[in-house]
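Chemist:
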Amino acid sequence: IESEGRANSRSREMLTGMAMQLIFLLSTSDLISGQIRYSIPEEMERGALVGNIAEDLGLKVWELSARKFRLVSDERKQYFQVNSANGILFVNERIDREQLCGQRNVCSLSCQAMMENPLEIYRVEVEILDINDNSPSFPKSRYSLQVLESVTPGTRFPLESAHDPDVGTNTIRIYEISSNDHFVLNIQTARDGKKVAELVLEKSLDREQQSNIHLTLKAIDGGLPERFGVAEVIIDVVDVNDNAPIFDNDLYRTRLKESSPRGTLVIKIHAADVDEGSHGEVAYFFSNQASEKVREIFTLDQESGEIRVRGTIDFEESEEYEFAVEAMDNGAVGLVGHSKVLVEIIDVNDNAPEIQITIFSSTVPEDAAPETLVALISVTDRDSGRNGDVQCQISTNVPFKLQKNSENHYKLVSSKKLDRETNPMYNISISAWDNGSPPLSTNKSIVILVSDTNDNAPRFEKPSYNIYVAENNSPGASIYAITATDPDLNQNSDVSYSILTRDSAVSSYISINSNNGNIHALRSFDYEEQKKFEFQVEARDAGVPSLSGTTRLHVIILDQNDNAPVIVSPLTWNGSAVVEDVPQSAYPGHLVTKVVAKDADSGQNARLSYQVLKATVPSLFSVGQYSGEIRTARSFSDQNPITQRLVILVKDNGAQDPDVGTNSLNTYLLSPNDYFSLDVQTGSDHGKLAELVLKTNLDREKQAAYKLVLTALDGGSPVLSGTTLIKITVLDSNDNMPIFDHTIYRVSVLENVLKGTLIIRLNATDADEGANGEVMYNFRRRTPKKVLELFKLEPNTGEIRVQGVIDFEENNVYEMIVEAKDKGASAVPVHCKVVVTVLDMNDNAPQVILTSLSSPIPEDAPPGTVVALITVTDQESEENGEVRCQIQHDVPFQLNSSSKNSYTLVTRYSLDREASSHYSVVISCRDLGLPPLVTNKTIQVEVSDINDNAPHFAHRSFTAYVTENTHPGSSIFSVTAFDLDKHRNAHLSYSILHTEVKGAPVFDYVSINSESGIIFSQNSFDYEQLKNFQVGVQVQDGGDPPLTANVTVNVVILDQNDNAPLIVSPIPMDGFDAIISPSVDLGYQVTKIIATDADSGQNARLSYQLLDATQPGVFNVISNSGEIRTTRRLDDLKDTVHRLVIMVKDSGHPSLSATGTVSLSIIDGGAEMLSDFSGNVPKSTDSSDLAFYIIISLGSISCVLLVTIIALVTTICHNDSRSSSVCSHNSELVSNFMEVRGTGSLSRTYCYKVHSASESGNPFAYSKITHFRNFRIKTAI
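In the UniProt record's numbering, the protein residues as written are 1 to 1277.
#1: State buried or exposed for Thr572, treating a residue as buried only when at least 16 other CB atoms are found within 10 Å of its CB.
#2: Cutting at 8 angstroms between CB atoms, please list the residues of its own chain near Lys1027, excluding the five before and the five after it.
#3: Which of the three DSSP states, helix, strand or coil, is assigned to Cys111?
#4: Is Tyr497 helix, strand or coil by DSSP?
#5: Compare the beta carbon distance of Leu1130 and Ile1076 with 8 angstroms and say whether it is the shorter of the two.
#6: Enumerate, from N- to C-terminal direction, the unbroken beta strand (DSSP E) stretches of 3 or more residues contained entirely within the stretch 267-310.
#7: From this set, Glu98, Glu125, Phe69, which residue's C-alpha is nearest Leu109's C-alpha?
#8: Would you please state the rounded distance, in angstroms, between the beta carbons of Glu202 and Val230? I believe it to be under 8 angstroms.
#9: Could you have a look at Phe1233 and say whether DSSP puts it in helix, strand or coil?
#10: By DSSP's criteria, Met776 is part of a beta bridge. Which residues make up the other side?
#11: Can you give me the C-alpha to C-alpha distance between Gly337 and Asp275, rounded to a whole angstrom?
#12: Quick one: grab the DSSP three-state call for Glu1168.
#13: Please report the straight-line C-alpha distance between Val233 and Leu145, rounded to a whole angstrom.
#14: Classify Cys885: buried if its beta carbon has 16 or more other beta carbons within 10 angstroms, exposed otherwise.
#15: Only counting runs of 3 or more residues, tell me where the beta strand (DSSP E) segments fall wholly within the stretch 416-447, in order along the chain.
#16: Between Ser278 and the rest of its own chain, which residues show a CB-CB distance below 6 angstroms, the 5 nearest in sequence each way excluded?
#17: Sorted by chain position, which residues of the same chain lie with C-beta nearer than 6 angstroms to Glu421's C-beta, five sequence neighbours on each side aside?
#18: So Leu649 and Ala615 are in contact, right, with Cβ under 8 angstroms, and what is the actual spacing, rounded?
#19: DSSP puts Asn518 in a beta bridge; with which residues?
#20: For the alpha helix (DSSP H) containing Arg97, list its first residue and its last residue.
#21: I think Gly1039 touches Arg984, with their Cβ atoms under 8 angstroms apart; what is that distance to the nearest whole Å?
#22: With respect to the beta strand (DSSP E) encompassing Tyr122, which residues constitute its N-terminal and C-terminal limits?
#23: Using the C-alpha atoms, what's the distance from Gln611 back to residue 1279?
#24: Would you decide whether Thr216 is buried or exposed? Buried here means 16 or more other CB atoms lie within 10 Å of its CB.
#25: Quick one: Cα of Phe1016 to Cα of Thr1044, how far?
#26: Relative to the C-alpha of Glu774, which candidate in Val749, Glu789, Gly756, Asn734 has its C-alpha closest?
#27: So, using beta-carbon positions, are Asp455 and Asp599 closer together than 8 angstroms?
#28: Only counting runs of 3 or more residues, tell me where the beta strand (DSSP E) segments fall wholly within the UniProt domain "Cadherin" (1068-1180), in order along the chain.
#29: Determine contact between the stretch 583-603 and the stretch 675-682, defined as no fewer than three beta-carbon pairs at a distance below 8 angstroms.
#30: Please report the straight-line C-alpha distance between Ile870 and Cys925, rounded to a whole angstrom.
#31: With a 10 Å radius around its C-beta and 16 neighbouring C-beta atoms as the bar for buried, classify Asn1088 as buried or exposed.
#32: Please classify Cys832 as buried or exposed, where buried requires at least 16 other C-beta atoms within 10 Å of its C-beta.
#33: Are Glu964 and Asp1004 touching if we call contact CB-CB under 8 angstroms?
#34: Buried or exposed for Asp927, going by 16 or more other Cβ atoms inside 10 Å?
#35: Which residues bound the beta strand (DSSP E) around Ile557?
#36: With C-beta atoms as the reference, is Asn663 less than 8 angstroms away from Gly715?
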């Protein structure tokens, strides 16, 4: 179609050009045109003669210039010029045919010769003939060819062709090769006529006899003289890998001490290969039979064959290792030698005892009874003999003991009662050692926390307390603070205070703060009403059951001078008292009266003194200072008034002396003591003032109170004195710093302990009291932030508790500085160091890090190809941090340890993407902790495709059924191939192989869509001309190199009813087809119609029918035989001539028919008349022979058809044995069915049943059942 399109396009262009030329000619009526051709060889010298263009054009020389003759070249260069003086056309430029036309067979240069008056244009074409001016040349002067010594004679090796730019006979004619014993040259001619040389091996090669062959290849052209080019062909005979490596020993034996360090040489194996080059290079591998354990423990150097220690050799795990090794040469298909290695392990005492805690109660209540189980301990030693005998013990300074339960099994139990208040935590070290030489030991520490029970009642410092309260106190004021201590923990140490008393009045006097023990007065006390009372205070903890303690408090009311003296005698009225008359003759000292007064206060405050404040005659009376007696001081005189008025002052005690003069207060004395002295000074009013002077420093911590007696002495005679008790309370000053019990506290704690867990309780004491002695604990300001996040310090109690997550892997030791400071003014802090050691627990699973991954990996990757690099880390220490990794065994990969905690994932054997294109490789890494922790990491590995699978068809051959008369370009069949590869390797293209059908290329009959595999007809098939042919189809994938597969398609042409029947008998005789006698009997056979049909099968099955007759009812035609017979006697017929119109039709769909007219003459004595016509009419025997031959011919055709159908059925059944038959047996038919299945363009399925002649009356009959969708038509043939 494309060629037709291009031809049409060229035709249009030619027509357009012709039209343009016609227009040009019409517009230039005087134009004369023509063409002239010359032929010259290439490479002619400049000026060489081409021809006399003037003569050839029939011009005179003078016309060239007169008519402005000129050449217009079609090329950029002006290769030719015309000498206007003589009309000679000559060469103007060098002409190189190869440069101009390359390899084209015909090369020409054209130009136009133009003249004016009149305008004439002639096309001048000069053909350039090739000369043999180029020698053949090869692209390279030397070629190397590698040939396996194992190739068989007859193998061909294409050689690179030489190039000769000349054409025709001057190009390469033949190739020759230098004489040798092994190779000959085969020269073939390609379709384009070029010579192609192939080197053919004639005699087998032997590399050991001759490793390379030097040949000279010569390319010779056909020119005269002939030219040639040569190239050297060097053939390297490549060794064939026909020898497997052989080990020195079938079994290698060696001995190795266990615990040998990594890298220790175990043994060196060696295998030799007599081949050379890569075939003799030997690499060593573990056999596939070698276990993963062997690969973990040993490494095998592929080059040197050295087997070295890779993992840990442990006699207790295995006393010997036996494994297979392989030596593989480096051939394309490597050959393998095998051997075994036996490594005997020598035992050494390399295993320390292992201590395993199987059951462990990390917290034990302090009230646990002795023999309480704390832990079960199992001690094992993997060594044997004395090296495996183990002894075990724990430290002796703990209230626990180790009891042997059974061999190597112990239980740790408490040995006595515990007291959390004495020691809240025990760090118990368990030691185990074997009896090896030297012995190996193992220590394991466990931390046991003692949990608190409420076993301590709150305790007061004293059994009783005296509380001194001055009367007239303010209601609600705190009068005392009492504190009880409880050494228990948490709620067991939470103390609440309450008052216990049977006197309900006490409850109205005081109250107590239940939280802090502060005692408050509920009322103002009056010493004169109540001088003391007592009650009990109970301190109760919050434990279950709760415990309590009591103390008794004595409240003593201190008197204050709040009551003035009251004069009770003599009786007073309005402040005055009248006494009896005093005789004027009373002597001095006469008792006049006695003033009696009382004071509700007590003590000094109730000690009264009397003093005359005012008198009518001051010198007349005196009053006793303490007695109140009023006496005459002198005798009365006449001048004294008769009535005397005295004002008496009664006052209570204050260190005063009402006397005056020398009788008044003279001095003060202080009881002896070491700290105070008395400084007595005289005031401006001559009164004595006493000051207490501190002689030396006080130390409240040594003595907190002093009691001194102060005595006041007057100057009278006798000396009178008064005393008072001075109670000195030494108030605390903040002169003592807190002191820690230890300067460094060391404690161990398990990682991941619960928040709130008590780590340690610090204790600092301060000898001061009150706020000065109350100690507060804090972390130092520069304490790291991490410490503050993890630990909490209770400021009042000094308890350090966990408040964050402690992780051994993050830090295994924490150091913190704690300061203690009292609450006094200008408090000075003191410091201690707390060192917290974190004990490791196996709480971190290994981390698997994929550092590199090559995915996808080609399926042809050799064993040992690195797929991934893996790094494994574990933050734990010791055994908890030792990691072992492995992968599952159902994948074609293995895990090799390249260094500590580094692994490479490599291929274990060859991959096959078609079997599995994807692998999920699970890497399982397990540490050696108890219990072990496991991390799994899945690596997705994709396998990329290589072109290792050729396309394949579902069947070896196919059969396509095509009805004749199909339109060219119709789809007649479709082939589909499958390729297990992927992407471009699975991209398939279809083509038809070159074969011939009836002498013509198969491409003239069919074509194929290269992408879909659909086969199209190129012509309309004619069953009568071609009944079947074969098409070879090739499918090729897109791989590099590509792979192919072939299949045969048997194309069977199915007949269509495209031929009408043809009547061949009877032959008319003198216008009549038959002459009969009127006396013939009923059923007489008058004649027989014989017809043929070029079609076959149903389409050739004929039936006969009488369409018209001169007199109906006289004759009839047998439908299946064509016999014309009488249906009655003829002697009574009026007509003697009867014409019968006979129709013959086939059984096709639609059916085709032919008609013919049979003329019958009824004549008496027809038999005799027939004898008269014997010279013109064939004898009955001849007619009968003719019918016989026709029947034989038809029978033969039917037999051939039957055989063809049987062959087709056999082929179909062979190709599609699994498909079920669509034919269903009709009960009216017997067996012996044949099935012809329709595929492709054949849309129906035919089932044929062969009948015998007796069944149908036709010796060539058979039945056909045609299946339609929902009904069946049975036709007899």
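The beta-carbon is built from N, C-alpha and C at its ideal position, and this holds for glycine as well.
These figures come from a predicted structure and were not determined experimentally.
Modeler: Quick look at the numbers:
#1: The count along the sequence shown starts at 1 and reaches residue 572 at position 572. Thr572 comes out exposed.
#2: As a working note, residue 1027 is residue 1027 in the sequence shown. The residues are Val1052, Ile1053, Thr1204.
#3: In the sequence shown, residue 111 corresponds to position 111, counting from 1. Strand.
#4: Taking the sequence shown and counting its residues from 1, the one referred to as residue 497 is at position 497. DSSP places Tyr497 in strand when its eight states are reduced to three.
#5: Mapped onto the sequence shown, residue 1130 falls at position 1130. Mapped onto the sequence shown, residue 1076 falls at position 1076. Result yes, Cβ atoms of Leu1130 and Ile1076 sit closer than 8 angstroms.
#6: 282-286, 298-300, 306-309
#7: Residue numbering aside, residue 109 sits at position 109 when the sequence shown is read from its first letter. The residue with the shortest Cα to Cα distance from Leu109 is Glu125.
#8: Here the question's residue 202 lines up with position 202 in the sequence shown. Here the question's residue 230 lines up with position 230 in the sequence shown. Glu202 to Val230, Cβ: 22 angstroms. No contact.
#9: Here residue 1233 corresponds to residue number 1233 of the sequence shown, with the count starting at 1. Interpretation of Phe1233 is limited by its pLDDT of 35, a score under 50 that renders its predicted location unreliable; the figure taken from the coordinates is listed afterwards. DSSP places Phe1233 in strand when its eight states are reduced to three.
#10: Locating residue 776 in the sequence shown gives position 776, where the first residue counts as 1. DSSP lists Lys821 as partners of Met776.
#11: Here residue 337 is taken as the residue at index 337 of the sequence shown, counted from 1. Here residue 275 is taken as the residue at index 275 of the sequence shown, counted from 1. If I take the Cα positions, the gap works out to 13 angstroms.
#12: Within the sequence shown, residue 1168 is the residue found at index 1168, counting from 1. Any reading at Glu1168 is ruled out, since the residue's pLDDT is 47, under 50, leaving its predicted position unreliable.
#13: In the sequence shown, the residue the question calls residue 233 occupies position 233. In the sequence shown, the residue the question calls residue 145 occupies position 145. Using only the alpha carbons, I get a separation of about 7 angstroms.
#14: If you number the sequence shown from 1, residue 885 lands on position 885. Counting Cβ neighbours within 10 Å, Cys885 comes out buried, since at least 16 surround it.
#15: 425-434
#16: Here residue 278 corresponds to residue number 278 of the sequence shown, with the count starting at 1. Excluding sequence neighbours, Ser278 sits near Asn330.
#17: Taking the sequence shown and counting its residues from 1, one reaches residue 421 at position 421. Cβ within range, chain order: Pro487.
#18: One-based indexing of the sequence shown puts residue 649 at position 649. One-based indexing of the sequence shown puts residue 615 at position 615. 12 angstroms between Cβ atoms; not a contact.
#19: As a working mapping, residue 518 is identified with position 518 in the sequence shown. Its beta-bridge partners are Ala481.
#20: Locating residue 97 in the sequence shown gives position 97, where the first residue counts as 1. That run of the alpha helix (DSSP H) goes 97-101.
#21: Working through the sequence shown from its first residue, we reach residue 1039 at position 1039. Working through the sequence shown from its first residue, we reach residue 984 at position 984. Their Cβ separation, rounded to whole angstroms, is 7 angstroms, which keeps Gly1039 and Arg984 in contact under 8 angstroms.
#22: Translated into positions along the sequence shown, residue 122 becomes position 122. Residues 120-129.
#23: Since the displayed the chain opens at 1 and closes at 1277, residue 1279 lies outside it and no answer follows.
#24: Numbered from its first residue, the sequence shown carries residue 216 at position 216. The residue is exposed, with fewer than 16 neighbouring Cβ atoms inside 10 Å.
#25: The residue you call residue 1016 lines up with position 1016 of the sequence shown. The residue you call residue 1044 lines up with position 1044 of the sequence shown. Near 21 angstroms, if we compare the C-alpha coordinates of Thr1044 and Phe1016.
#26: Along the sequence shown, read from residue 1 onward, the residue named residue 774 stands at position 774. Cα-wise, what sits closest to Glu774 is Asn734.
#27: Looking up residue 455 in the sequence shown gives position 455. Looking up residue 599 in the sequence shown gives position 599. In this structure, Asp599 does not lie closer than 8 angstroms to Asp455 by Cβ.
#28: 1074-1076, 1085-1088, 1090-1092, 1102-1109, 1115-1117, 1123-1126, 1137-1146, 1153-1162
#29: no
#30: Within the sequence shown, the letter at position 870 stands for residue 870. Within the sequence shown, the letter at position 925 stands for residue 925. Each residue's Cα considered, the two are about 11 angstroms apart.
#31: Taking the first residue of the sequence shown as 1, we reach residue 1088 at position 1088. It should be noted that the sequence gives Lys, not Asn, for residue 1088. Counting Cβ neighbours within 10 Å, Lys1088 comes out buried, since at least 16 surround it.
#32: Here residue 832 refers to the residue found at position 832 of the sequence shown. By the neighbour-count rule (16 or more Cβ atoms within 10 Å), Cys832 is buried.
#33: Your numbering for residue 964 matches position 964 in the sequence shown. Your numbering for residue 1004 matches position 1004 in the sequence shown. Not in contact: Glu964 and Asp1004 (Cβ atoms no closer than 8 angstroms).
#34: Residue numbering aside, residue 927 sits at position 927 when the sequence shown is read from its first letter. Burial call: buried.
#35: As a first step, residue 557 is located in the sequence shown; it is residue number 557 there, counting from the start. That run of the beta strand (DSSP E) goes 548-558.
#36: Indexing the sequence shown from 1 puts residue 663 at position 663. Indexing the sequence shown from 1 puts residue 715 at position 715. Closer than 8 angstroms, so yes.
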